[in-house]
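*Asks:*
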Amino acid sequence: SFVAGVIHPWRVSAFERLLWRACRGYLVASFVEMPEPMEDLATGESITWVIFLISYWGEQIGQKIRKISDCFHCHMYPYPESEASRADTMSGLHSQIQDLSVVLEETEQYLAQVLDKVALALPTWRVQVQKMKAIYLILNQCSFDVTEKCLIAEVWCPVRDLTQVQDALRQGSYKSGSSVECFVQRIPTSENPPTLIRTNKFTAGFQSIVDAYGVASYQEVNPAPYAIITFPFIFAIMFGDVGHGLLMFLFALWMVLYENSPSLQQASNEIWLTFFEGRYLILLMGAFSIYTGFIYNECFSKATVIFPSAWSVATMANHSSWSSAYLATHPSLTLDPNVTGVFRGPYPFGIDPIWSLATNHLNFLNSFKMKMSVVLGIVHMGFGVLLGVFNHVHFQQRHRLVLELLPEMVFLLALFGYLVFLIFYKWVKFSAADSLVAPSILIHFIDMFLFTSNADNLPLYRGQVPVQTVLVVLALASVPVLLLGTPLYLCCRQRALRTGRPAVRLGSRRGGSGWGVQWGLTTGAIPVQPVTTGEQEPLLEGQEAGNSVNATKEDVESGGHSPDAKHLDFAEIFMHQAIHTIEYCLGCVSNTASYLRLWALSLAHAQLSEVLWTMVMRNGFVRLNYVGGVVLVPVFAAFAVLTVAILLVMEGLSAFLHALRLHWVEFQNKFYVGAGYKLCPFTFAPDTWE
792 SFVAGVIHPW
802 RVSAFERLLW
812 RACRGYLVAS
822 FVEMPEPMED
832 LATGESITWV
842 IFLISYWGEQ
852 IGQKIRKISD
862 CFHCHMYPYP
872 ESEASRADTM
882 SGLHSQIQDL
892 SVVLEETEQY
902 LAQVLDKVAL
912 ALPTWRVQVQ
922 KMKAIYLILN
932 QCSFDVTEKC
942 LIAEVWCPVR
952 DLTQVQDALR
962 QGSYKSGSSV
972 ECFVQRIPTS
982 ENPPTLIRTN
992 KFTAGFQSIV
1002 DAYGVASYQE
1012 VNPAPYAIIT
1022 FPFIFAIMFG
1032 DVGHGLLMFL
1042 FALWMVLYEN
1052 SPSLQQASNE
1062 IWLTFFEGRY
1072 LILLMGAFSI
1082 YTGFIYNECF
1092 SKATVIFPSA
1102 WSVATMANHS
1112 SWSSAYLATH
1122 PSLTLDPNVT
1132 GVFRGPYPFG
1142 IDPIWSLATN
1152 HLNFLNSFKM
1162 KMSVVLGIVH
1172 MGFGVLLGVF
1182 NHVHFQQRHR
1192 LVLELLPEMV
1202 FLLALFGYLV
1212 FLIFYKWVKF
1222 SAADSLVAPS
1232 ILIHFIDMFL
1242 FTSNADNLPL
1252 YRGQVPVQTV
1262 LVVLALASVP
1272 VLLLGTPLYL
1282 CCRQRALRTG
1292 RPAVRLGSRR
1302 GGSGWGVQWG
1312 LTTGAIPVQP
1322 VTTGEQEPLL
1332 EGQEAGNSVN
1342 ATKEDVESGG
1352 HSPDAKHLDF
1362 AEIFMHQAIH
1372 TIEYCLGCVS
1382 NTASYLRLWA
1392 LSLAHAQLSE
1402 VLWTMVMRNG
1412 FVRLNYVGGV
1422 VLVPVFAAFA
1432 VLTVAILLVM
1442 EGLSAFLHAL
1452 RLHWVEFQNK
1462 FYVGAGYKLC
1472 PFTFAPDTWE
């Protein structure tokens, strides 16, 4: 008789040895591995099973073999005795396998159809589930009313959107068939409201720069609209080159034109997404860089002759009678603007291209860019101080106009505004004829602080020393006013309030800035009650907010401006005002020097561009025959790669960071507190679900 089955390959040797010993050799066993591995139904493991067929003599030996096979967890299969029975069994198994194959194939086709339908509906299901989770998350934050039949939610809502909220609730009640109508009631609140700034795809990048410093306090002046112009312009001063600016502009223009492309919007590279979100910022930076490049007259470090030069070499040669021997011994020739006809007036736009050939080109540009940086820096800081007027007037704190803003402007203009006046006055008064006797502005500025004069340095105008003395005295006199004015005023006003006597009131903060909104919910409907106290019109189309290192507790509680509190800590107010005074006075000096980075980075960018042209690109023009044409191909490739990697990416990032610092520290620090927090409204945006 026969016994057939399969066994795990690890148990074959032990199984065979035990069979031989137990049956004393009265059997013939044959073991063959399966051609393909099969899955173990118990463990799910893929195993190459071993098939065995045992022939034996005697029924008792057959019983032993079956018991041993059961002990080794063998899968036993019937083995017919006759050849005909075995053939019938084989044919039955083959037909069964074919039937199962057909069933499995049809099942797979059916499941594939089901999954295709599910794949189409899955995004909709996912959105529905996420929306339901988001809604229940908000509902869990609500509270029951007294009757426990209605949900109450206190939320912030912009007053201009209350009508839309009411319409939406009314439609929700009607569509849900609720017997209880939703209602909205505005409630008073003393909490500091959040800040909402409505942006679009163009202004979002600039607003992100401001929010990274600190989110605006409620109804505080928002610097972002001004940064749309000043940020790209300050960047372009450090990055001025027509060629580099044009490459940056075209790159940003490509992103703007294809901004709706899913491949650009859904990219997984974080660096690329950063560039894509700031595409309009890069576009303006490139456009302004082209403008400043025309002013510097630089295109990949080379000057362009758009207009004919105002300098005439021929006139100088005719006047000087330069001979061949003179030209051979003098590699550098001097053009004297005092000679009639040599200098015919200023260049129509930007720097004259002849300066690119001059040996004193760098000295000329250094003087020009250094003075330009100082002038633009002082104008930028003065504009920042003047923006504080809107905050003081809007929050009804007119005492700060007299006791803070006026001393700040006097200090800034009396010292550094006078420096700007000296620069322009010297440019206008002295020409090429008397340039050798022109006095030094730097020495005059130093003598101004020392209350002295230098006999070797001629005055710029009559009565210069008394004027400078008066300006320094005014600047010094404004410091104690800035230091003690606001604390003494608040102290006197509080003392008058305590004694019940009327006090001189220069201005107080407007009462209540309510956004408070109360919502009530019922099953299937949403009764809502939005509430505010005297809503003030936003100064600049709503605001947003965050945290700032410049904010004190009073700033946070009052939107960055001192409140009309019943109990004021004079020591704390004086300490805060002292810190502000020291920071402002010293900051005017350090911030003015900080704007010299415009000169330094502009010079570095121009020199790097010139070095790259001289060391790389010019080598492709050394040969004029066909060899030079072949060499020019790899040279231009290297020039293009280095231009993009060094001058566009690295230098562009450096100029961007320096422009960012000038806006955060030198500009926004003059008027912007940034002590608010953003309004985070309920939304179905994917980042909110996550």
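Residue numbers (the numbering used here): 792 to 1481. We put the beta carbon where it would ideally sit given N, CA and C, even for glycine.
1) Tell me the rounded alpha-carbon separation between Thr980 and Ala1015.
2) Indicate whether the contact test is met: 3 or more Cβ pairs, each with one atom in the stretch 1195-1213 and one in the stretch 1254-1273, closer than 8 Å.
3) Who are Glu830's beta bridge partners in DSSP?
4) Decide yes or no for the touch test of the stretch 1020-1027 against the stretch 1065-1084: beta carbon pairs closer than 8 Å, at least 3 of them.
5) Look up Met867 in the DSSP assignment and say whether it is helix, strand or coil.
6) Quick check: what's the CA-CA separation for Asp1002 versus Leu1197?
7) Nearest to Met1441 by CA position, among Ala995, Met1039 and His885, is which residue?
8) To the nearest angstrom, how far is the alpha carbon of Asp1360 from that of Gln957?
9) With Ala1362 as the anchor, note down where its alpha helix (DSSP H) starts and where it stops.
10) Give the DSSP-derived three-state secondary structure of Val819 in the structure shown.
11) Under a Cβ-count criterion, where at least 16 other Cβ atoms within 10 Å of its own Cβ denotes burial, should Ile1000 be classed as buried or exposed?
12) Quick one: residues in its chain with C-beta nearer than 8 Å to the C-beta of Ala1058, no 5 flanking neighbours on either side, listed in chain order?
13) Would Glu836 and Ala820 be called neighbours here (beta carbons separated by less than 8 Å)?
14) Would the stretch 1167-1184 and the stretch 1457-1467 be scored as touching if the rule is three or more Cβ pairs under 8 Å?
15) When you compare the CB positions of Ile845 and Leu818, do they come within less than 8 Å of one another, or not?
16) Are the stretch 1086-1103 and the stretch 1144-1161 touching by the rule of at least three beta carbon pairs closer than 8 Å?
17) On a CA-only basis, which of Asp952, Phe1240 and Glu1195 is nearest His1367? Give me that one, please.
18) How is Thr990 classed by DSSP in three states: helix, strand or coil?
19) By how many angstroms is the C-alpha of Leu1433 removed from the C-alpha of Met1408?
20) To which residues of the same chain is Met1239 closer than 7 Å at the C-beta, ignoring the five residues directly before and after it?
21) Work out the CA separation of Gly1378 and Leu1167 for me, nearest whole Å.
22) Measure the CB-CB distance between Gly1411 and Val1426 and report whether it falls below 8 Å.
23) What did DSSP end up calling Phe1181 once you bin it into helix, strand or coil?
24) For the alpha helix (DSSP H) holding Trp1102, just list the boundary residues, first then last.
25) Going by beta-carbon coordinates alone, are Met1161 and Leu1387 separated by less than 8 Å?
26) Determine the closest residue to Asn1154 out of Leu810, Ile1232, Leu1251 and Trp1390, with distance taken between C-alpha atoms.
27) Verify whether the separation of the beta carbon atoms of Met1163 and Glu1457 is less than 8 Å.
28) How many Å lie between Glu824 and Thr880 at the Cα?
29) Helix or strand or just coil, what does DSSP make of Ser846?
30) So what's Lys940 in DSSP terms, helix, strand or just coil?
31) Once you ignore the five residues that flank Arg917 on each side, which residues in its own chain have a CB closer than 8 Å to its CB?
32) Alpha carbon to alpha carbon, how far is Phe1030 from Met1406?
33) Whole-angstrom Cβ separation of Tyr1375 and Glu1199, contact assumed at under 8 Å?
34) Going by other Cβ atoms of all chains shown within 10 Å of its Cβ, with 16 needed for buried, is Leu1156 buried or exposed?
35) Measure from the alpha carbon of Ile943 to the alpha carbon of each residue in Ser934, Arg951, Val950 and Pro949, then state which is nearest.
*Replies:* In terms of the structure at hand:
1) Thr980 and Ala1015 have their alpha carbons spaced roughly 29 Å apart.
2) Yes: the two stretches touch, three or more of their Cβ pairs being nearer than 8 Å.
3) Under DSSP, Glu830 forms a beta bridge with Ser837.
4) Note that the stretch 1020-1027 touches the stretch 1065-1084; at least 3 beta-carbon pairs, one per stretch, sit closer than 8 Å.
5) In the three-state DSSP reduction, Met867 falls in the strand class (E or B).
6) Going by the C-alpha atoms only, they are around 28 Å apart.
7) Checking every option, the nearest Cα to that of Met1441 belongs to Met1039.
8) Between Asp1360 and Gln957, the C-alpha separation is close to 44 Å.
9) Here the alpha helix (DSSP H) through Ala1362 covers Phe1361 to Ser1385.
10) Correct three-state label for Val819: strand.
11) The residue is buried, with at least 16 neighbouring Cβ atoms inside 10 Å.
12) Result list for Ala1058: Leu1064 and Phe1067, in chain order.
13) Not in contact: Glu836 and Ala820 (Cβ atoms no closer than 8 Å).
14) They touch, by the three-pair rule.
15) Cβ distance < 8 Å, so Ile845 and Leu818 count as in contact.
16) Contact holds: three or more Cβ-Cβ distances are below 8 Å.
17) Checked all of Asp952, Phe1240 and Glu1195; the closest Cα to His1367 is Glu1195.
18) Secondary structure at Thr990: coil, using DSSP grouped into helix, strand and coil.
19) Rounded to the nearest angstrom, the two C-alpha atoms are 11 Å apart.
20) Once the five neighbours on either side are set aside, the close Cβ partners of Met1239 are Gln1259 and Val1263.
21) Cα to Cα, Leu1167 sits roughly 16 Å from Gly1378.
22) Yes. Within cutoff.
23) Phe1181: helix per DSSP, three-state reduction.
24) For Trp1102, no alpha helix (DSSP H) segment is defined, and its DSSP state is neither H nor E.
25) Contact flag set, yes.
26) Closest option to Asn1154, judged by alpha-carbon separation, among Leu810, Ile1232, Leu1251 and Trp1390: Trp1390.
27) No, the Cβ-Cβ distance between Met1163 and Glu1457 is not below 8 Å.
28) In this model, Glu824 and Thr880 are separated by some 21 Å (Cα to Cα).
29) Strand, per DSSP.
30) Three-state DSSP puts Lys940 in coil, outside helix and strand.
31) Around Arg917: no qualifying Cβ.
32) Taking the straight line joining both Cα atoms gives about 21 Å.
33) The beta-carbon distance between Tyr1375 and Glu1199, rounded to whole angstroms, is 6 Å. This is short enough to meet the 8 Å contact definition.
34) Buried, since its Cβ has 16 or more Cβ neighbours within 10 Å.
35) Among Ser934, Arg951, Val950 and Pro949, the Cα nearest to that of Ile943 belongs to Ser934.
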